[in-house]
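Single-structure report; data block below.
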Amino acid sequence: MDMINDYLLDFDFDNKVHLRHKKHNNENETECHGIPQNYKDILQPNVCGKRLQLNSKIPWSITPKGYAKLHEKLTLICIPQSSGKDSSIVDRVYKKIFFENSSSGINGYTSSSSSKSETAYPDPTTVGLMKISEYETIGTKITEVRELYEDSSFPANDTSIGNLPEVLGKVEWKRPKDINSCAVFCARSFSRFDVDQGALGDCWFNAVLATITKYPSLMRNIIPSNQNLSGANYLGAVKFNFWRFGQWVEVVIDDRLPVLKGTNKLVFMHSTDGTEFWSSLLEKAYAKLCGSYGHLTGGFQSEAMEDFTGGICQTIMLNSKYRPPNLLHMMKIYTKTCCILGADIGGEKNKKREELGLVGSHAYSLTGFGKVKYKGNEMHLVRLRNPWGQHEWKGAWSDNSPEWKDVRSSDKKELNYKQREDGEFWMSYEDFVKYFSLLEVCHLGLASLDYKDDIDKKRRFEEIGFVGKWVANVNAGGSINYYESFCMNPQYVFTVGTDPISKDNKTTIIVGIMQEHRRFLYGGDYLPIGFELFEVSNSQKSRLTSADLSCRKPLLSTDYIPRREVTLEARVFPGTFIIVPTTYNPNEEAEFLLRVFSSAKMTQSELDEENAYQGFPRETMESLQHTMLKEFTKLESKFMKFCNPITETISSIELSSILNHNDHKDNIYGFLEFNNSLCSCLIASASTNLTGQIDLEEFLNLFVSIKGWSLAFKKYDDRRGCVKSAKLRDLLRNAGYTVSNRVYSALAHRYVDLKSGRINYENFLYCMANVKQAFEVVVYHPKSEKDILMFSIEDYLRLSLST
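Below, the structure written as structure tokens:
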């Protein structure tokens, strides 16, 4: 069995193309120019910098040409535009083709050139760390034009306000220095009391921000230092960082804020200190990230928690039916790990709750958890804060409740108990689970903090991640309810080690599947997504087939929920696991980010197949052997009848005449004939010298291949002359080949009708002819002593163009 994955292509512009064997992959053997050999490493999680980064915007199917284009985009971003405006794609392409004489233009290819590539392409393991600061670029432009920055992508008008009818037409935009002559970015230090909600239904955002202000290391990452609202370095621009879909992104805004017309009163979030504007500007930056202020109305604390920290969130139901029986113990553990918490109250009417000062359909910060001695008993208390800065809890353990009179001063000091109308209050654990609906917990991992940072010396989770995309009729197989197509979905394997402080030898894992931000990007609803997790042996290296999956029961399964992220927490023994992320229905397309957090070390990889020719299965060979002996005599007679009498070869025209005989068409529904184009492709796969002609031996070998492919096709035929895309991988395997995920994706995109999700017999023959030729090129080409395949550029082009 020939493993095509054992070879690595080297492109050398000294008129050679090398295929290096992996076991001899020594950089000193052959100098490599142009695209780096390891260009696909750009897709791997980047752990070389301060934080874990996932290149979520780079295509999973990236090619060397795509890598070059990515480098070109990075180069363009680095070049300041003297006009202050970015050139359009049309302008760039036009200049590139007709004026720059670029090697990628229509006149730029020279296969005979002996000069090496002059382009210095970056190592793929460093590309993920290359950050072009928009803020620094703006600073250069503002210095040149001597005008304060105005953000055209988030303008000071109603488009940035969004769908807020009660505000539209009632605001004007002012800079902080025009609102308050003593305006500063931050007056002292960041505090949860700097965050007061305005006329926007974003309590979820406010609650999270108030919680995060407790942690300087998190705030430093979100809000870069040295930002000014006055003085010599004042630009009229401010910048913030948010985590989005695997990466930290910089968001730059101008500092114009909406105020009520004719006043200096801020409409949205503001600080209790009228001279301080960091919270108002942060809210504006987040509104820009999401599309408008209106898009912040009605969200989830979990989304803001992740966008502020890069952590992973789990939502815990607090009603008695769904509440974990050990929730109190879990909350004690949360106080010892790197996590932030929030709580939500549902929208159902509850008169008693309202009388006690709690607000329905509202998000609260969970800012503390502690215990006190009360009348000889241990009482567990929860501290919460209303982002409005008012409307506090009025029940037991509220600011002025009589319960505090029986608490020791030392316990009060430990809890930092204070009596003031600031929106913050204590309540008992029992009342907390009685009146609140949800507890949201955000665990921090390697993307949340610099590697040497922590929060109060607390333990941080290990983290791994995978970026992928569900593509219809390629790998969007749907949930496990769709047995036939479920195996199409991406499969990822990870190994969990032993938790060094675990008492039961189990490890905590939190798995989350996140989809791209459809609500803001496309204005549509999120797809129902989820995943199945299977336990496998440590030796599992290849994908689970439909047969494998049919006899396995998932260890863990999620509900399918139309939210940005669906998570599941579990305690597992050390071992190896496969995750299959899916949409609920087949052929629903979305980009996804799969993350696993664990209290123990982990390893990870995407499950794949080898690119290998294995030959027809035994039953196929036995069937062919039984029929071909009789056929060969007839075939020889027909071949000699149609062949060129001098060369004793046939072309595509003669092959078409032979194969279209009734004895050889196999009576597959909808297949009419072996046309000239198909026969040309078949001959190219069988001709050893690319002459467009085949001799008798080549013809007989080709005929056996066609018959074997036909038997494989009939096995999966839906009786309409087609095979479903869900069966294409099994079909290829029965035709003698296994292919990697990327090769499979390329084949599916080229040969499957993506509307019907099926491949017909004619397209399957095209597919197999090209697969056969591609594999044989690699297998049969001459090798050096070090297993390097040597191609002249002419040979390489001839082989490529003959398919």
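Here UniProt numbering is used: the first residue of the sequence shown is 1, the next is one more, and so on.
The beta-carbon is built from N, C-alpha and C at its ideal position, and this holds for glycine as well.
Since we're looking at a predicted model, the values are computed, not measured.
My assumption, with CB atoms under 8 angstroms, is that residue i sits in contact with residue j. Please give the rounded CB distance.
| i | j | result |
| --- | --- | --- |
| T633 | I694 | Going by Cβ atoms, the distance from T633 to I694 rounds to 19 angstroms, so no, they are not a contact pair. |
| I513 | F531 | 5 angstroms |
| A343 | Y322 | Actually they are not in contact, since the Cβ atoms of A343 and Y322 sit about 15 angstroms apart, beyond 8 angstroms. |
| G465 | G615 | Contact flag wrong, Cβ pair sits at about 38 angstroms. |
| C681 | S656 | C681 to S656, Cβ: 12 angstroms. No contact. |
| V474 | S740 | In fact, because the Cβ distance is near 13 angstroms, the residues do not count as touching under 8 angstroms. |
| T309 | I340 | 7 angstroms |
| W397 | S428 | 6 angstroms |
| Q197 | P59 | Not confirmed; about 40 angstroms, so no contact. |
| T583 | L544 | About 18 angstroms; that fails the 8 angstroms criterion. |
| M602 | V467 | The pair is not a contact, with the Cβ atoms about 17 angstroms apart (cut-off 8 angstroms). |
| L415 | F486 | Actually they do not touch by this definition, with Cβ atoms about 51 angstroms apart. |
| E589 | A472 | 5 angstroms |
| T705 | D666 | The amino acid occupying residue 705 in the given sequence is Ser; Thr does not appear at that position. With 8 angstroms as the limit, S705 and D666 do not qualify as a contact, their Cβ atoms being about 13 angstroms apart. |
Report the partner residues of residue i according to the DSSP bridge assignment.
| i | result |
| --- | --- |
| D559 | None; D559 has no bridge partner. |
| N489 | In DSSP, N489 forms no bridge with anything. |
| K469 | E591 |
| F632 | F632 is not bridged to any residue. |
| D456 | According to DSSP, D456 bridges with nothing at all. |
| P258 | W173 |
| T507 | V572 |
| P581 | F531 |
| N233 | In DSSP, N233 forms no bridge with anything. |
| Y374 | N377 |
| P737 | One point to set straight first is that residue 737 is Tyr, not Pro, in the sequence displayed. Bridge partners of Y737: Y613. |
| I650 | I694 |
Please report the straight-line C-alpha distance between residue i and residue j, rounded to a whole angstrom.
| i | j | result |
| --- | --- | --- |
| V267 | Q390 | 18 angstroms |
| S104 | F193 | Because the pLDDT at S104 is just 41, under 50, the model does not fix this residue reliably, and the value given afterwards should be weighed accordingly. S104 and F193: Cα-Cα distance of roughly 57 angstroms. |
| N734 | L635 | 25 angstroms |
| G299 | G162 | 15 angstroms |
| F597 | A570 | 11 angstroms |
| F185 | K412 | 34 angstroms |
| V127 | H749 | No answer about V127 holds up, because its pLDDT of 46 lies below 50 and its placement is not dependable. |
| H661 | L593 | 53 angstroms |
| S153 | T275 | 27 angstroms |
| E697 | L747 | 29 angstroms |
| P529 | Y483 | The sequence as given places Ile at residue 529; Pro does not occur at that position. If I take the Cα positions, the gap works out to 16 angstroms. |
| T367 | E136 | 36 angstroms |
| residue 806 | T315 | In this structure the chain extends from 1 to 803, so residue 806 is not present and cannot be described. |
| residue 815 | D307 | The structure shown has nothing for residue 815, since the chain only spans 1 to 803. |
| G279 | A447 | With the sequence shown as reference, residue 279 is identified as Ser, and Gly is not the correct amino acid for it. Answer to the nearest angstrom: the Cα atoms are 23 angstroms apart. |
| K707 | M621 | 10 angstroms |
| L797 | Y766 | 20 angstroms |
| G477 | E303 | 27 angstroms |
| P500 | K336 | 15 angstroms |
| E654 | N55 | 52 angstroms |
| I4 | N611 | Unreliable positioning characterises I4 in this predicted model, as indicated by a pLDDT of 41, which lies under 50. A coordinate reading is not provided. |
| P325 | K434 | 14 angstroms |
| V208 | D254 | 24 angstroms |
| residue 805 | A285 | Given that the chain is displayed from residue 1 to residue 803, the structure contains no residue 805 and the question cannot be resolved. |
Taking the Cβ atom as the reference point for each residue, do residue i and residue j lie within a distance shorter than 8 angstroms?
| i | j | result |
| --- | --- | --- |
| N770 | T803 | yes |
| E440 | M317 | no |
| G360 | I345 | yes |
| V382 | F432 | yes |
| Y613 | F775 | yes |
| R459 | C338 | yes |
| D717 | I668 | yes |
| G294 | L164 | yes |
| W204 | Q53 | no |
| A187 | L229 | no |
| K630 | I658 | no |
| E134 | E250 | yes |
Indicate, with yes or no, if the ligand ATP has a heavy atom lying under 7 angstroms from the CB of residue i.
| i | result |
| --- | --- |
| A68 | The ligand ATP is not part of this structure, which contains no ligands at all. |
Quiz item: So does the region 594-608 actually touch the region 486-493, counting three or more Cβ pairs closer than 8 angstroms?
Solution: yes
Quiz item: Between the region 745-765 and the region 782-796, are three or more C-beta pairs nearer than 8 angstroms?
Solution: no
Quiz item: Are three or more beta carbon pairs between the region 359-377 and the region 400-411 nearer than 8 angstroms?
Solution: yes
Practice problem: May I ask you to verify whether the region 232-246 touches the region 279-290, counting CB pairs closer than 8 angstroms and requiring at least 3? | Solution: yes
Practice problem: Report yes or no: do three or more beta-carbon pairs, one from the region 535-545 and one from the region 576-583, lie closer than 8 angstroms? | Solution: These segments touch.
Quiz item: Okay, do the region 255-269 and the region 173-189 touch, 3+ Cβ pairs below 8 angstroms being the bar?
Solution: Counting Cβ pairs under 8 angstroms, three or more are found: they touch.
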